[in-house]
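**Student:** Below is the structure I would like to discuss, written out as structure tokens.
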Amino acid sequence: MASAAELESDLTSQRVQMGMYGLAKDHKWPNNQPPLGYDMLDDGRLQVNESEADLVRRIYKMYVRERSMPQVAFLLNEDGIRTKSGEEWCTQSVKKVVSNELYTGEYCVAGYEEHVEEYRIVSDELFEQVEDTRFRFQSREMEAERKESKSKRILEQYKQYNGFDQ
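Residue numbers for the sequence shown follow UniProt numbering, beginning at 1 and rising by one.
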């Protein structure tokens with residue numbers, strides 16, 4: 001009985017994923033909450049909302065200048081500006097904006113990826129400046145060392161667990 005329920009659950013999951021992928025191929029947004037800078041049309045596609053897009057560009061420029069997500073959130077709140085849902089800005093809400101590649105036109109939903117130029121709000125150059133700022137303390141060497149160190153720890157744990165260490 002449990003295996004039949006598992007099978008049905010797997011089939012339902014696959015159907016949902018296929019449906020989401022189908023929507024994504026048509027550039028339709030997967031839920032009723034489009035990101036800041038966009039409105040959702042009746043057919044489910046996104047359309048740039050120019051007043052919100054101006055705020056997105058402002059946030060990107062502020063972040064490049066301030067180099068601090070908490071500071072950007074503070075300044076937006078000081079100016080009385082709220083998020084799309086009407087909340088105060090916080091570090092996480094700023095991060096959602098400055099890390100979203102959709103603003104460069106890169107539409108990535110449900111495993112489907114395509115460049116959709118009409119979704120662009122910020123230039124590639126501005127997005128790259130933000131990325132450089134976000135990752136300014138991470139170097140490729142540090143990342144490689146961290147991955148190598150993790151791999152060694154996992155291997156050592158595996159050896160120890162399976163008695164190869166003795």
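The beta carbon of each residue, even a glycine, is placed where N, CA and C say it ideally should be. Values in this document were obtained by computation on a predicted structure and should not be read as measured data.
So, does the stretch 71-87 touch the stretch 105-114, judging by three or more C-beta pairs under 8 Å?
**Tutor:** no
**Student:** Write down the C-beta distance between V130 and Y60 rounded to the nearest angstrom, noting that I regard them as a contact closer than 8 Å.
**Tutor:** 6 Å
**Student:** Applying the criterion that 16 or more other CB atoms from any shown protein chain within 10 Å of the CB defines a buried residue, is G163 buried or exposed?
**Tutor:** exposed
**Student:** Reducing DSSP to helix, strand and coil, say where D54 ends up.
**Tutor:** DSSP places D54 in helix when its eight states are reduced to three.
**Student:** Rounded to a whole number of angstroms, what is the C-alpha to C-alpha distance between V56 and A24?
**Tutor:** C-alpha of V56 to C-alpha of A24: approximately 23 Å in a straight line.
**Student:** DSSP three-state call for K28: helix, strand or coil?
**Tutor:** It is a strand residue.
**Student:** Three-state secondary structure (DSSP) at V116?
**Tutor:** Per DSSP, reduced to three states, the secondary structure at V116 is coil, with no helix or strand assignment.
**Student:** Could you give the C-beta distance for Q47 and D54, rounded to a whole number, given that I count them as a contact under 8 Å?
**Tutor:** So it is not a contact: roughly 15 Å between Cβ atoms.
**Student:** By Cβ distance, which residues of its chain are closer than 8 Å to L41, with the 5 residues on each side in sequence left out?
**Tutor:** Q47
**Student:** Look up R45 in the DSSP assignment and give the residues it is bridged to.
**Tutor:** K28
**Student:** In chain order, what residues of the same chain have a beta carbon less than 7 Å from the beta carbon of G44, not counting five sequence neighbours either side?
**Tutor:** L23, K28, W29
**Student:** Can you give the Cα-Cα distance for L11 and V94, rounded to whole angstroms?
**Tutor:** 37 Å
**Student:** Rounded to whole angstroms, what is the Cα-Cα separation between E128 and V64?
**Tutor:** 10 Å
**Student:** Comparing alpha-carbon positions, which option in N31, R58, V98 lies nearest D79?
**Tutor:** Of the listed residues, the one whose Cα sits closest to D79 is R58.
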